[in-house]
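Q: Here you go, one structure.
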Amino acid sequence: MEDPDYNWKPKNRPQSTIALNFMSELDDLFRLDGSLDTLDKTVHEKKQAVTTQTQELEALEAQLRAAEERLNQAKGTSPPRRRDSQHQTPIQDVFSAQ
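With UniProt numbering applied, the sequence shown covers 1 to 98.
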């Protein structure tokens, strides 16, 4: 069977305003008028952004896991004690003179 549109050629006649508007809307909707190179570049840039953001997320997750480990270790041990030089002595009998 032969393709019925094989020998079809467009006629050089003016199109109606409605047809031109419809064609423009379709082009805007499906981005048919944009070049394939522009679309490929946009897709590549978005893939790079996703890859970068994924790497940043993985780094943040690793930092979070490390912080959680340190927190769990700190919970298991007593808090660090102050040195004697940092120890404050209470003031006695401040209010008893009144």
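For glycine and all other residues, C-beta sits at the position ideal for the given N, C-alpha and C.
So residue 61 is in the alpha helix (DSSP H); what residue range does that whole segment cover?
A: 36-76 is the extent of the alpha helix (DSSP H) around residue 61.
Q: Tell me where the alpha helix (DSSP H) around residue 25 begins and ends.
A: That run of the alpha helix (DSSP H) goes 17-30.
Q: Could you pull out every residue in the same chain whose Cβ sits closer than 7 Å to the Cβ of residue 102, ignoring the five residues on either side in sequence?
A: The displayed coordinates of the chain run from 1 to 98. Any statement about residue 102 would go beyond what the structure contains.
Q: Could you name the residues of the same chain whose beta carbon sits closer than 6 Å to that of residue 45, not counting the 5 residues immediately before and after it, in chain order?
A: Around residue 45: no qualifying Cβ.
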